[in-house]
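Data first, discussion second: the structure below is written as structure tokens.
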Amino acid sequence: PSEEVKTVTLGAQVFIGQFVTNWNAVLAALSLAIVPVLILYLIFSRQLIRGITAGAVK
């Protein structure tokens with residue numbers, strides 16, 4: 010993929026070098042990548058748990 014069109018997790022690999030890794034930048038980028046997932050989980054957690062329990066009770 011081109012440099013302009015990368016996901017955040019692939020973009021975090023830019024900060025990982027062969028000999029030196031900027032861990033502060035890697036962890037900051039991955040923390041930003043987790044935020045949308047956490048927001049979606051908080052919004053849909055009840056539906057997710059209902060779906061899991063309904064599928065397990067069959």
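Be aware that the sequence shown starts at 10, since it is given in my numbering, and climbs by one per residue.
All residues carry an ideal CB built from backbone N, CA and C; glycine is no exception.
| query | result |
| --- | --- |
| Does DSSP put T30 in a helix, a strand or coil? | strand |
| Pull up the distance between the alpha-carbon of N31 and that of V17, whole angstroms please. | 16 Å |
| Exposed or buried, which one is A63 when buried takes at least 16 other CB atoms within 10 Å? | exposed |
| Just the Cα atoms here: how many angstroms apart are I52 and F28? | 41 Å |
| I believe V14 touches I25 by the beta-carbon criterion, under 8 Å. Please report the beta-carbon distance rounded to the nearest angstrom. | Between I25 and V14 the Cβ distance is about 19 Å, and since that is not below 8 Å, they are no contact. |
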